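In full-length UniProt numbering, the protein residues as written are 1 to 914. For every residue, glycine included, the Cβ atom is placed at its ideal position computed from N, Cα and C. Model, not experiment: these values are computed from the prediction. What follows is one structure encoded as structure tokens, with my remarks underneath.
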């Protein structure tokens with residue numbers, strides 16, 4: 001049976017049944033017990049709501065929190081969770097002070113119909129986990145008779161059992177395996193995870209790699225047999241690798257583990273691998289020990305010389321680690337299973353023999369970052385990931401379920417298990433408050449580059465142009481229809497990645513423009529679902545010929561102004577994002593998002609109306625958006641996590657310009673056609689790069705990011721450098737100089753990867769460098785940065801030197817004395833190169849201190865903070881969270897007299913007031 005076909009809660013008849021649900025409410029709390037992130041509570045809501053909606057008489061929830069080790073520990077009580085659940089669920093929740101016993105059974109059985117009950121922490125009883133381990137490592141087992149009694153009491157609390165706690169599903173705890181009810185099913189969260197595993201393991205993106213560790217081959221025979229029918233490559237590590245090596249190559253393994261019964265199966269497994277063209281990868285060198293102990297004497301051994309008698313292999317050697325890494329980075333889907341007594345590929349509990357395991361973990365993290373799907377099994381491998389706090393860097397690590405977005409989530413499909421009800425988006429808005437729209441209304445003739453250069457606030461918040469006159473824009477006639485779009489673009493044009501089911505916010509395959517035009521012609525009541533076409537790009541079509549973006553957009557757009565004209569058009573790959581046709585029907589909804597790479601947007605309503613909900617891209621709001629994006633929090637209203645939401649209504653003929661980074665959601669009150677487009681520009685590079693970092697951090701698939709972003713940045717940097725070197729010189733506004741420095745820093749970071757990165761990372765960077773223009777990327781990046789610094793009054797060529805600013809991220813204004821020589825001019829610049837540069841950064845620390853927050857009315861704050869006297873107690877000091885890290889750069893180069901060495905140490909601090 002496919003994993004995705006396991007029994008689901010939707011397969012059960014819940015009417016008048018007591019539904020017992022195992023949830024995962026292991027939520028983070030601060031020192032006061034306040035819940036700091038309700039994501040896991042929010043994630044469970046669809047399953048709870050489904051049970052209530054479908055007639056459950058009582059919904060009883062059981063969970064663990066923390067590790068109280070079988071004792072009642074007040075800080076691990078679920079009582080605060082009950083209050084938060086009640087808030088999120090919108091209905092009363094009864095909290096019981098225990099999870100088993102006669103009183104609990106009575107309370108559940110006597111509860112009124114439709115009740116929701118949360119039990120106290122399951123792990124207050126040792127019988128839940130079956131055993132506990134003290135700090136000194138002593139293990140205490142539960143009395144088997146009491147375990148049976150505990151499980152029987154849980155079983156009495158329901159008629160139907162639902163598991164919605166995938167994070168603990170791999171553990172044989174009483175609440176997982178001991179509830180003996182005849183009907184057992186998966187909740188929406190578990191169902192979603194199973195569907196992911198089915199997709200990843202039954203139809204994996206290839207190459208598909210499995211990494212198997214273990215003590216004995218005989219324990220893994222069936223798993224290896226199954227994997228050899230599925231994978232392209234297989235890493236054999238852990239203890240069983242010695243059985244393979246000795247059997248196949250007669251390698252001396254000393255006192256290392258050897259599985260005699262399993263060795264009889266080795267030849268057959270290898271023969272099957274050859275038949276299926278599966279590459280088998282084994283360790284080729286070893287870290288050895290004279291005994292199985294953390295304080296053992298270490299040694300090394302190669303495959304050729306073998307491991308001497310009296311010694312055993314406890315870790316993979318350096319050549320093996322590199323071999324494993326190269327194999328991992330070749331794969332697109334990776335299954336790493338290590339639920340065995342000897343962890344892969346070394347004994348990671350012993351620090352002296354943990355390097356192999358850590359190196360393999362790092363390789364998998366790198367693979368996940370590069371877009372591979374990485375699935376980590378339970379047991380020791382999951383523990384390893386947890387110890388290194390790497391669960392959120394992998395696609396799935398079951399020991400601790402992360403709240404961050406992971407690779408496996410389909411960015412085009414935000415369906416988190418809610419029922420298909422398009423009106424839920426509007427119901428979510430009913431009790432929300434919005435700040436009045438105070439955005440500027442401008443005439444088209446005012447929206448110019450001059451406005452942007454002269455007004456420091458220009459393009460920092462959305463503007464509305466109520467009539468298109470003066471924008472220098474061309475649009476189709478007002479009677480232009482969806483049928484016209486289909487006819488001019490082609491009725492067979494596919495819409496797989498453009499059409500979205502509004503109820504689920506998921507991509508809807510199988511659509512083309514002809515089918516879409518037929519759908520639009522239907523009466524609203526005849527439309528079974530609400531769909532929304534949000535990204536039909538029409539460049540190069542007859543519709544595209546009817547559209548010309550506003551002149552301001554064309555003047556600013558990097559693609560328009562910097563991408564070579566000879567490399568656009570048919571047969572060339574270039575960013576086509578400037579001409580979109582958006583078509584939505586009444587009640588369509590597009591959930592919260594930021595346009596890719598922080599690109600700005602022009603948006604013209606040809607027919608119909610749109611309602612925008614905006615969130616300003618402050619650091620706190622962007623951090624909230626990053627936490628929310630792609631996690632179970634997407635079931636909730638992002639507006640509850642930020643300072644304010646601004647509502648703007650656009651009608652026919654209105655045009656809006658949306659600046660970089662603004663978070664927004666869009667509602668369509670009536671059938672609407674919109675023409676718009678995205679553009680990157682030189683007034684907002686810091687924000688554009690910040691959004692790109694968020695996309696990487698939240699693992700947005702590359703196909704949903706700004707196309708060819710890095711290559712475009714190189715074209716832009718090359719052109720600005722040539723302008724700066726020109727004899728006549730060029731003058732730029734302060735905002736552009738600030739942006740150019742950010743661009744130069746980004747390009748330097750790309751150049752550093754070319755100089756010091758892994759082979760795979762170097763290849764990815766090199767592929768994005770336009771060799772037709774950029775011959776020496778490192779020299780171009782560093783010279784651009786140097787010239788921009790000179791243009792801002794900073795002549796340093798330090799790797800970390802920055803633009804002199806006024807403290808608000810904008811270059812300070814020049815005085816009249818400085819204005820006489822606005823622009824230094826340089827010809828034939830050839831920077832001196834450092835022979836070696838080493839950068840280090842510590843992990844940093846976070847602390848809370850009392851300090852006075854700078855205000856607009858305080859004219860002395862700059863002097864105070866420049867002097868670093870921030871710890872002085874003042875009457876209005878408030879708590880501030882300070883994140884700090886120390887960065888060190890050491891660089892050397894030869895000189896005529898000997899050598900020059902510089903050591904630069906800097907402390908970087910980020911302050912946020914509570």
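On the CB-based measure, 16 or more other CB atoms within 10 Å of its CB, does residue 309 come out buried or exposed? Residue mapping note: residue 309 aligns to position 309 of the chain shown, counting from 1. Exposed, since its Cβ has fewer than 16 Cβ neighbours within 10 Å.
Please report the straight-line C-alpha distance between residue 122 and residue 55, rounded to a whole angstrom. Here residue 122 corresponds to residue number 122 of the chain shown, with the count starting at 1. Here residue 55 corresponds to residue number 55 of the chain shown, with the count starting at 1. Distance between the alpha carbons of residue 122 and residue 55: 26 Å.
By the DSSP assignment, the alpha helix (DSSP H) with residue 109 in it spans what residues? By 1-based counting over the chain shown, the position of residue 109 is 109. Residues 102-109.
Beta-carbon proximity check, residue 163 vs residue 325, cutoff 7 Å: Locating residue 163 in the chain shown gives position 163, counting from the first residue. Locating residue 325 in the chain shown gives position 325, counting from the first residue. Going by C-beta atoms, residue 163 is not nearer than 7 Å to residue 325.
Can you list, in chain order, the residues of its chain whose CB lies under 7 Å from that of residue 525, leaving out five sequence neighbours each side? On the chain shown, position 525 is the one that residue 525 refers to. None.
Under DSSP, the alpha helix (DSSP H) around residue 621 begins and ends at which residues? For the purposes of this step, residue 621 is taken as the residue at position 621 of the chain shown. Per DSSP, residue 621 belongs to the alpha helix (DSSP H) from 619-628.
Count Cβ pairs between the segment 92-100 and the segment 41-59 that sit closer than 8 Å; are there 3 or more? no
Please classify residue 765: is it buried, with 16 or more other beta-carbons within 10 angstroms of its beta-carbon, or exposed? Mapped onto the chain shown, residue 765 falls at position 765. By the 10 Å Cβ count, residue 765 comes out buried.
Take the Cβ of residue 182 as the centre, count every other Cβ of all protein chains shown within 10 Å, and call the residue buried at 16 or more, exposed below. Here residue 182 corresponds to residue number 182 of the chain shown, with the count starting at 1. Per the 10 Å Cβ criterion, exposed.
Taking only the alpha-carbon atoms, compute the straight-line gap between residue 740 and residue 272 and give it to the nearest angstrom. In the chain shown, residue 740 corresponds to position 740, counting from 1. In the chain shown, residue 272 corresponds to position 272, counting from 1. Approximately 58 Å between the Cα atoms of the pair.
Can you tell me whether DSSP reads residue 591 as helix, strand or coil? The count along the chain shown starts at 1 and reaches residue 591 at position 591. Note: residue 591 maps to strand in three-state DSSP.
Is the distance from the Cβ of residue 703 to the Cβ of residue 768 below 7 Å? By 1-based counting over the chain shown, the position of residue 703 is 703. By 1-based counting over the chain shown, the position of residue 768 is 768. Not in contact: residue 703 and residue 768 (Cβ atoms no closer than 7 Å).
Identify whether residue 744 lies in helix, strand or coil by the three-state DSSP scheme. Numbered from 1 along the chain shown, position 744 holds the residue referred to as residue 744. It is helical.
Spatial neighbours of residue 20 within its chain, please: CB distance less than 6 Å, with the 5 preceding and 5 following residues excluded, ordered by chain position. One-based indexing of the chain shown puts residue 20 at position 20. Excluding sequence neighbours, residue 20 sits near 60, 157, 158, 161.
Looking at residue 779 and residue 668, is the spacing between their C-beta atoms short of 7 Å? Position 668 of the chain shown, counted from the start, is the residue given in the question as residue 668. Position 779 of the chain shown, counted from the start, is the residue given in the question as residue 779. Not in contact: residue 668 and residue 779 (Cβ atoms no closer than 7 Å).
Ignoring anything shorter than 3 residues, give me the beta strand (DSSP E) runs that lie fully in the segment 1-83, in order along the chain. 18-22, 58-62
Give the single residue among 909, 897, 839, 879 whose Cα lies nearest to the Cα of residue 866. Working through the chain shown from its first residue, we reach residue 866 at position 866. Selected option, being the one with the closest Cα: 909.
Between residue 243 and residue 266, which are expected to be in contact by the criterion C-beta below 8 Å, what is the C-beta distance as a whole number of angstroms? Along the chain shown, read from residue 1 onward, the residue named residue 243 stands at position 243. Along the chain shown, read from residue 1 onward, the residue named residue 266 stands at position 266. That belief holds up - the Cβ atoms of residue 243 and residue 266 are roughly 7 Å apart, short of 8 Å.
Provide the residue(s) that pair with residue 475 in DSSP beta bridges, ordered along the chain. Looking up residue 475 in the chain shown gives position 475. For residue 475, which the question treats as bridged, DSSP gives no partner whatsoever.
Under DSSP, the beta strand (DSSP E) around residue 163 begins and ends at which residues? Numbered from its first residue, the chain shown carries residue 163 at position 163. That run of the beta strand (DSSP E) goes 160-163.
Could you say which of 879, 835, 863 lies nearest to residue 918 if we only look at CA atoms? Since the first and last residues shown for the chain are 1 and 914, residue 918 lies out of range.
Mapping the DSSP letters down to three states, classify residue 437 as helix, strand or coil. Along the chain shown, read from residue 1 onward, the residue named residue 437 stands at position 437. Three-state result, residue 437: coil.
Quick check on the burial criterion: 16 or more other C-beta atoms within 10 angstroms. Buried or exposed for residue 250? Locating residue 250 in the chain shown gives position 250, where the first residue counts as 1. By the neighbour-count rule (16 or more Cβ atoms within 10 Å), residue 250 is not buried but exposed.
In terms of residue numbering, what span does the beta strand (DSSP E) encompassing residue 900 cover? On the chain shown, position 900 is the one that residue 900 refers to. That run of the beta strand (DSSP E) goes 899-913.
How many angstroms separate the CA atom of residue 577 from the CA atom of residue 329? For this step, residue 577 is matched to residue 577 along the chain shown. For this step, residue 329 is matched to residue 329 along the chain shown. Straight-line Cα distance between these residues: approximately 31 Å.
Would you report the Cα separation of residue 262 and residue 320, rounded to the nearest angstrom? Indexing the chain shown from 1 puts residue 262 at position 262. Indexing the chain shown from 1 puts residue 320 at position 320. So the two alpha carbons sit approximately 23 Å from each other.
Can you tell me the Cα-Cα spacing of residue 398 and residue 352, whole angstroms? One-based indexing of the chain shown puts residue 398 at position 398. One-based indexing of the chain shown puts residue 352 at position 352. In this predicted model, residue 398 has a pLDDT of only 40, less than 50, meaning its place in the structure is not dependable enough to derive any value.
Residue 413 to residue 698 span [Cα, whole Å]: Looking up residue 413 in the chain shown gives position 413. Looking up residue 698 in the chain shown gives position 698. Since pLDDT at residue 413 reaches only 32, below the 50 mark, its modelled position is unreliable, and no value is offered.
Boundaries of the alpha helix (DSSP H) in which residue 464 is found, first to last residue: Here residue 464 is taken as the residue at index 464 of the chain shown, counted from 1. Here residue 464 belongs to no alpha helix (DSSP H); instead the beta strand (DSSP E) covers 463-465.
Using a 10 Å radius around the Cβ and a threshold of 16 neighbouring Cβ atoms, would you call residue 71 buried or exposed? Here residue 71 corresponds to residue number 71 of the chain shown, with the count starting at 1. Result: exposed.
Extent of the continuous beta strand (DSSP E) to which residue 112 belongs: Position 112 of the chain shown, counting from 1, holds the residue named residue 112. Premise fails: residue 112 is in no beta strand (DSSP E) and is neither H nor E.
Residue 813, DSSP secondary structure in three states: The count along the chain shown starts at 1 and reaches residue 813 at position 813. Here residue 813 scores only 42 on pLDDT, less than 50, and its place in the model is too uncertain to base an answer on.
Which value, in whole angstroms, describes the spacing of the CA atoms of residue 863 and residue 473? Locating residue 863 in the chain shown gives position 863, counting from the first residue. Locating residue 473 in the chain shown gives position 473, counting from the first residue. Cα-Cα distance, rounded: 48 Å.
Taking only three categories from DSSP, how would you classify residue 821? Residue numbering aside, residue 821 sits at position 821 when the chain shown is read from its first letter. Interpretation of residue 821 is limited by its pLDDT of 39, a score under 50 that renders its predicted location unreliable; the figure taken from the coordinates is listed afterwards. In this structure, residue 821 counts as helix in the three-state DSSP scheme.
Could you check the C-alpha separation between residue 270 and residue 749 for me, to the nearest Å? Counting from one through the chain shown, the residue named residue 270 turns up at place 270. Counting from one through the chain shown, the residue named residue 749 turns up at place 749. For residue 270 and residue 749, the distance between alpha carbons rounds to 45 Å.
Less than 6 Å between C-beta atoms, sequence neighbours within five positions excluded: which residues of the same chain meet that for residue 912? Working through the chain shown from its first residue, we reach residue 912 at position 912. Once the five neighbours on either side are set aside, the close Cβ partners of residue 912 are 881.
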